[in-house]
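Engineer: Read top to bottom, the protein sequences are chains A and B.
So for the first sequence, UniProt numbering puts the first residue at 1; every next one is plus one.
So for the second sequence, UniProt numbering puts the first residue at 1; every next one is plus one.
One structure is given below, represented as structure tokens, and several questions about it will come after.
Protein chains: 2
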Amino acid sequence: MNAEIIAVGTELLLGQISNTNGQYLSKQLTHHGVNVYKHTVVGDNLLRIRQAIQAAAKANDMVIITGGLGPTEDDVTRNALAEEYDLDLVYDERALQQVESFFQERNQQPSDANRRQALYVQGAQVFQNHTGLACGMVYKHENTMFILLPGPPRELKTMFEKEVDPFLAAQDDTYAFLLSRTLRFYGIGESALEARVHDLIVEQTNPTIAPLAGEDEVTLRLTVRDTDRKNAEKQLDNMEAEICKYCGEFLYGYDDDTLFSKVIEHIKINGWSLATAESLTGGQLGSSITDIAGASEVYQGGAITYSDESKQKQLNVDAATLQQHGSVSQACAREMAEGVRSRYQSDVGISLTGVAGPDDQEGHPPGTLFIGISYPHMNRVYERHLSGDRETIRRRAVKEACAWLLNEEKGD
Amino acid sequence: MNAEIIAVGTELLLGQISNTNGQYLSKQLTHHGVNVYKHTVVGDNLLRIRQAIQAAAKANDMVIITGGLGPTEDDVTRNALAEEYDLDLVYDERALQQVESFFQERNQQPSDANRRQALYVQGAQVFQNHTGLACGMVYKHENTMFILLPGPPRELKTMFEKEVDPFLAAQDDTYAFLLSRTLRFYGIGESALEARVHDLIVEQTNPTIAPLAGEDEVTLRLTVRDTDRKNAEKQLDNMEAEICKYCGEFLYGYDDDTLFSKVIEHIKINGWSLATAESLTGGQLGSSITDIAGASEVYQGGAITYSDESKQKQLNVDAATLQQHGSVSQACAREMAEGVRSRYQSDVGISLTGVAGPDDQEGHPPGTLFIGISYPHMNRVYERHLSGDRETIRRRAVKEACAWLLNEEKGD
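Right, here's the structure in full:
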């Protein structure tokens, strides 16, 4: 099945926003085995939308059009489809009720423009909008299926998940038993990981294995088609076990896991509490950990010790250590981790000291990094050398710290 | 002048990456007065790239094609243009030298595939790649100007700024005296700002005033066309003064300024030092400030006091304060700011306490925020109520803190 995704919106052509809907829909369709052959972006212009519809209908089984379903004058996507195929626009009762209720709740009357959001082309099946007012729709013309979705990403995603996905599944039995699992790896590059599992990727057709490079990490998405859910699960388990033979030491989580959520989980499972001491990252580790709701159960807090003075005063780093080894050193990282663990009375203390750049510091180039991890009966220090600009080094430094903390568990 | 932007890359159609180049180029071209009528994304496929070229050439004066200039087999953009117009591909000497040098420095030999990055279509003018190896080019066929640029965003941006922009300027005299200034506002919404300067926006043609909503802030970009640079500067000054009559109290900076760079500048200008105390933001304020290279000159460090216990122990917040008012309170914010100023021996201490959500805390809903600012002879506390999810509340909380610190200067 071939598809084109048409995004409608002059703001896209002015560069005010990016076509993130195109990426989201491409991912979803690819996942379902649909071949996306083209993205097109056109402005809020009836004629140009019609031209895009004509061109897309010739070459595709499926055409998804996003945007232009709102209440303003320049929202003309549904009009373009109606004019192109000489169809009437009619009100969907439920969508109209949604518009009326929305305004009634605010003690207002909807205008005719507001009501237009409940219009669909006659013969289409309507998709409900769970997070907004403009309804979506699917309309089949000859061999082409047109799917119209609202432009705001949140509305589009919710409509796709709750309405379009089940609709497509009902069109094709194989959708119902399509099961995916994403394996998340840290500490290995995309090409190195691919080289290790290359034969598996090439040989496998079910489950399929799709590598994808994320920010500082790599994922493999396993997707299986089966008529039985339990069997599908089992096939994913087997494939994961096979993959882990080649690169299991880098696997840290699944699906929506992050290094930060795994750190909190790890600390919680062990019944511990955590404190952080940060120099070059200036609070980014603490911020990343507390991004996760529920962090307060295990995270005591931390010290941002940007100056040498604060390392001494807040974390009891020895003046002699700083003089002899400098603040960018194994010794300083160890004392920072011990210091924060003691000062915040936590079970585990983790520290970061190094050079973010752009300039050298104490004779060390940007990217030099020392990570200290302090437990009640043991201290560890790791030295790493990262590449990249200031922002990249800082971002990767906090991930390195988390990865090492998680690796301890594996007895590495 | 009408333009279409074609992005080449199967990874875009698979949803692995988003077409950020489309947005960037749209912004640049719009800024230059070029009308962008269409974006197209096609895969790494010779035939489909040629079809896209044919269609775009019919309707546009300018066609920008991004991607597909790299060293691998599926990089066929230059081949598509060459085949379409029956042109030879020839090596650019400088680009070839760049490839050779790159590999020599690594004690390697470039392959023929690597050398392909130095090929251009005969008759084109070559654009140098300052951050990569694939050269870009501009080729005129009849009335259409084709501009080929590399896909990696960093390479594309640098090439656009250093090569394409001056080239376009040379094509059209008015480019040479196109001058822009971006005014950055915080604390006022897009529609409220537009309402205040609505008449100016409508009346003005030179300079033009373009409002744009950024993340948590709004900008106005003033662009003037003039044959004299000094005169252009003066027109921008006058327009800025006019705008500031209506919303000057929200203006915090220009062009690449951020609230964080302005805070550092503010502290530095006053000869002060700064320390931070964070509860709900968990280190994000410290992290944002230390994102700016040079922060170490004024930033002492800070305490992340996520638990009540750590607020008492690390910042000397009174147990009675916590019991009587709770940690989400004016009193706690004040004591945190005083505490961190004293503990880190800084001139200014700034604190954040509140509720990030998703749950209520101490009876306060998510978004409740107290900001404390402590100077040697004065303390201030601000209460704010933010809306949004956990991530938004945390992000905006650190910006609110910075905005208030900067506002103090204005005697607000």
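Glycine included, C-beta positions come from ideal geometry on N, C-alpha and C.
Should Q28(A) be labelled buried (16 or more other beta-carbon atoms within 10 Å of its own) or exposed?
Structural biologist: Counting from 1 along the first sequence, the entry for residue 28(A) is found at position 28. So Q28(A) ends up on the buried side.
Engineer: Could you check whether C402(A) and residue 416(A) sit closer than 8 Å to each other, using their CB atoms as the reference points?
Structural biologist: Lying before the first or after the last residue shown, residue 416(A) is absent from chain A, which here runs from 1 to 412.
Engineer: Using a cut-off of 8 Å between C-beta atoms, extract the partners of T276(A) located in chain C.
Structural biologist: The structure shown contains no chain C; the protein chains it does contain are A and B.
Engineer: Under 8 Å, Cβ to Cβ, is there at least one residue of chain A near K410(B)?
Structural biologist: Here residue 410(B) is taken as the residue at index 410 of the second sequence, counted from 1. Legend: pLDDT at K410(B) = 49, less than 50; position of this residue unreliable, value from coordinates given subsequently. With 8 Å as the cut-off, K410(B) does not count as an interface residue toward chain A.
Engineer: Using a Cβ distance threshold of 8 Å, determine whether the stretch 5-24 of chain B contacts the stretch 6-26 of chain A, with at least three qualifying pairs required.
Structural biologist: As far as the Cβ criterion goes, the stretch 5-24 of chain B touches the stretch 6-26 of chain A, which means the pair count is three or higher.
Engineer: Quick one: residues in its chain with C-beta nearer than 8 Å to the C-beta of K410(B), no 5 flanking neighbours on either side, listed in chain order?
Structural biologist: Position 410 of the second sequence, counted from the start, is the residue given in the question as residue 410(B). Because the pLDDT at K410(B) is just 49, under 50, the model does not fix this residue reliably, and the value given afterwards should be weighed accordingly. Excluding positions up to five away in sequence, the list reads E249.
Engineer: List the residues of chain A whose Cβ lies closer than 8 Å to the Cβ of I264(B), in chain order.
Structural biologist: To locate residue 264(B), count along the second sequence from 1; it is residue 264. Simply none; closest approach about 12 Å.
Engineer: Mind checking which residues open and close the alpha helix (DSSP H) that includes Y24(A)?
Structural biologist: On the first sequence, position 24 is the one that residue 24(A) refers to. Where Y24(A) is concerned, the enclosing alpha helix (DSSP H) stretches over T20 to H31.
Engineer: For H130(B), which residues in chain A fall below 7 Å Cβ to Cβ?
Structural biologist: Position 130 of the second sequence, counted from the first residue, corresponds to residue 130(B). The contacting residues do not exist; H130(B) stays about 16 Å from chain A at best.
Engineer: Pick from A295(A), Q314(A), K311(A) and D165(A): whose alpha carbon is nearest that of Y306(B)?
Structural biologist: Here the question's residue 306(B) lines up with position 306 in the second sequence. For the residues A295(A), Q314(A), K311(A) and D165(A), the minimum Cα distance to Y306(B) belongs to A295(A).
Engineer: Tell whether a beta-carbon distance below 8 Å holds between D75(B) and D112(B).
Structural biologist: Here the question's residue 75(B) lines up with position 75 in the second sequence. Here the question's residue 112(B) lines up with position 112 in the second sequence. In this structure, D112(B) does not lie closer than 8 Å to D75(B) by Cβ.
Engineer: Roughly how many whole angstroms lie between the Cα atoms of T223(B) and K234(B)?
Structural biologist: Translated into positions along the second sequence, residue 223(B) becomes position 223. Translated into positions along the second sequence, residue 234(B) becomes position 234. Each residue's alpha carbon lies about 12 Å from the other.
Engineer: Who are Y375(A)'s beta bridge partners in DSSP?
Structural biologist: Translated into positions along the first sequence, residue 375(A) becomes position 375. Paired residue(s): M378(A).
Engineer: Using the Cα positions of V340(B) and T290(A), report the straight-line distance between them to the nearest angstrom.
Structural biologist: Within the second sequence, residue 340(B) is the residue found at index 340, counting from 1. Within the first sequence, residue 290(A) is the residue found at index 290, counting from 1. Approximately 20 Å between the Cα atoms of the pair.
Engineer: Within 10 angstroms of the Cβ of E4(B), are there 16 or more other Cβ atoms? Answer buried if so, exposed if not.
Structural biologist: Counting from 1 along the second sequence, the entry for residue 4(B) is found at position 4. Buried, because 16 or more other Cβ atoms sit within 10 Å of the Cβ of E4(B).
Engineer: For Q300(A), count neighbouring C-beta atoms within 10 Å of its own C-beta (all shown protein chains included) and say buried if the count is 16 or more, exposed if not.
Structural biologist: Here residue 300(A) refers to the residue found at position 300 when the first sequence is read from its first residue. Flag for Q300(A) reads buried.
Engineer: Is there a Cβ from chain A that is less than 8 Å from the Cβ of residue 413(B)?
Structural biologist: Because chain B is modelled from 1 through 412, residue 413(B) falls outside the range shown and cannot be assessed.
Engineer: Can you name, in chain order, every residue of its own chain whose Cβ lies under 8 Å from the Cβ of I17(B), other than the five neighbours on each side?
Structural biologist: Here residue 17(B) corresponds to residue number 17 of the second sequence, with the count starting at 1. Cβ within range, chain order: G9 and E11.
Engineer: Answer yes or no: does any C-beta atom of chain B fall closer than 8 Å to that of D291(A)?
Structural biologist: In the first sequence, counting from the first residue as 1, residue 291(A) sits at position 291. Interface residue, yes.
Engineer: Could you please give me the residues that DSSP links to H141(B) through a beta bridge?
Structural biologist: Here residue 141(B) refers to the residue found at position 141 of the second sequence. The partner list for H141(B) (beta bridge, DSSP) reads T144(B).
Engineer: Out of S329(B), H266(B) and E84(B), point me to the one whose CA is closest to V348(B)'s CA.
Structural biologist: Taking the first residue of the second sequence as position 1, residue 348(B) is located at position 348. Out of S329(B), H266(B) and E84(B), H266(B) has the C-alpha closest to the C-alpha of V348(B).
Engineer: What residues of chain B sit near R390(A), judged by a beta carbon separation below 8 Å?
Structural biologist: Residue numbering aside, residue 390(A) sits at position 390 when the first sequence is read from its first letter. The contacting residues are D291 and A293.
Engineer: Nearest-angstrom Cα distance between F185(B) and A293(B)?
Structural biologist: By 1-based counting over the second sequence, the position of residue 185(B) is 185. By 1-based counting over the second sequence, the position of residue 293(B) is 293. Approximately 23 Å between the Cα atoms of the pair.
Engineer: Between which two residues does the alpha helix (DSSP H) carrying G302(A) extend?
Structural biologist: Along the first sequence, one-based indexing puts residue 302(A) at 302. Per DSSP, G302(A) belongs to no alpha helix (DSSP H); it is in the beta strand (DSSP E), Y299 to T305.
Engineer: Could you pull out every residue in the same chain whose Cβ sits closer than 7 Å to the Cβ of S329(B), ignoring the five residues on either side in sequence?
Structural biologist: For the purposes of this step, residue 329(B) is taken as residue 329 along the second sequence, with counting starting at 1. Only F370 meet the Cβ criterion.
Engineer: Rounding to the nearest angstrom, what Cα-Cα distance links E391(B) and G326(B) in this structure?
Structural biologist: Residue 391(B) sits at position 391 when you count from the first residue of the second sequence. Residue 326(B) sits at position 326 when you count from the first residue of the second sequence. For E391(B) and G326(B), the distance between alpha carbons rounds to 23 Å.
Engineer: Which residue's Cα is closest to the Cα of G372(A): L405(A), Q345(A), H198(A) and H364(A)?
Structural biologist: Residue mapping note: residue 372(A) aligns to position 372 of the first sequence, counting from 1. Looking at the Cα atoms, L405(A) is the closest of the given residues.
Engineer: Per DSSP, which one or two residues make a beta bridge with S351(B)?
Structural biologist: The count along the second sequence starts at 1 and reaches residue 351(B) at position 351. In the DSSP output, where bridge partners are listed per residue, S351(B) has A277(B) and G372(B).
Engineer: If you check the beta carbons only, do A55(A) and T144(A) fall under 8 Å apart?
Structural biologist: The sequence position of residue 55(A) within the first sequence is 55, counting from 1. The sequence position of residue 144(A) within the first sequence is 144, counting from 1. No, Cβ-Cβ distance for A55(A) and T144(A) is not below 8 Å.
Engineer: Does DSSP put T258(B) in a helix, a strand or coil?
Structural biologist: Translated into the one-based positions of the second sequence, residue 258(B) becomes position 258. In this structure, T258(B) counts as coil in the three-state DSSP scheme.
Engineer: Determine the DSSP secondary structure at G136(A), reduced to helix, strand or coil.
Structural biologist: Looking up residue 136(A) in the first sequence gives position 136. Three-state DSSP puts G136(A) in a strand.
Engineer: Measure the CB-CB distance between G302(A) and A333(A) and report whether it falls below 8 Å.
Structural biologist: Counting from one through the first sequence, the residue named residue 302(A) turns up at place 302. Counting from one through the first sequence, the residue named residue 333(A) turns up at place 333. No, the Cβ-Cβ distance between G302(A) and A333(A) is not below 8 Å.
Engineer: Please tell me whether G363(A) has its Cβ less than 8 Å away from any Cβ of chain B.
Structural biologist: For the purposes of this step, residue 363(A) is taken as the residue at position 363 of the first sequence. Taking Cβ atoms only, chain B never reaches closer than 8 Å to G363(A), which makes this a no.
Engineer: Can you tell me the Cα-Cα spacing of S387(B) and G67(B), whole angstroms?
Structural biologist: Working through the second sequence from its first residue, we reach residue 387(B) at position 387. Working through the second sequence from its first residue, we reach residue 67(B) at position 67. Between S387(B) and G67(B), the C-alpha separation is close to 40 Å.
Engineer: What's the C-alpha gap between Q122(A) and D86(A)?
Structural biologist: As a position in the first sequence, residue 122(A) is number 122, starting the count at 1. As a position in the first sequence, residue 86(A) is number 86, starting the count at 1. Using only the alpha carbons, I get a separation of about 10 Å.
Engineer: Could you tell me whether the stretch 28-38 of chain A touches the stretch 91-104 of chain A, where touching means 3 or more Cβ pairs closer than 8 Å?
Structural biologist: Contact between the stretch 28-38 of chain A and the stretch 91-104 of chain A is absent, because fewer than three Cβ pairs lie under 8 Å.
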